[in-house]
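Asks:
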Amino acid sequence: MGEITPAIATAIASAPGLKLLLPINQPHFEIVGIEWKALTKQISQAIEMIRERAGMTNESMTKSQ
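The structure is reproduced here in structure tokens:
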């Protein structure tokens with residue numbers, strides 16, 4: 000796959016905080032144990048996880064608007 004360099008991987012791994020990784024399958028690779036989802040669905044799920052960790056839910060977002 001090789002989309003990131005070892006230096007970038009090291010920088011990300013050593014940075015503080017939660018890391019959310021979006022597995023991107025390619026036709027010639029399959030990540031075992033990972034259910035395929037469209038990238039848009041993965042991004043939505045990541046946003047929801049961030050909101051939950053920040054104490055922001057869809058309900059609280061609706062009330063504040």
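Take 0 as the starting number for the sequence shown in numbering that gives the first Met the number 0 and just add one per residue. Heads up, the beta-carbon is just placed ideally off N, CA and C, and yes, glycines get one too. Computed from a predicted structure; not experimentally measured.
(1) What does the alpha-carbon distance come out to for the pair I42 and T4?
(2) In terms of residue numbering, what span does the alpha helix (DSSP H) encompassing I3 cover?
(3) First and last residue of the alpha helix (DSSP H) that includes Q44?
(4) Are the beta-carbon atoms belonging to A22 and I30 less than 7 Å from one another?
Replies: In brief:
(1) For I42 and T4, the distance between alpha carbons rounds to 23 Å.
(2) Boundaries cannot be given for I3, as no alpha helix (DSSP H) includes it and DSSP labels it neither H nor E.
(3) L38 to R52 is the span of the alpha helix (DSSP H), which, as asked, contains Q44.
(4) A quick correction: the sequence has Pro, not Ala, at residue 22. Yes, the pair counts as a contact, with Cβ atoms nearer than the cut-off.
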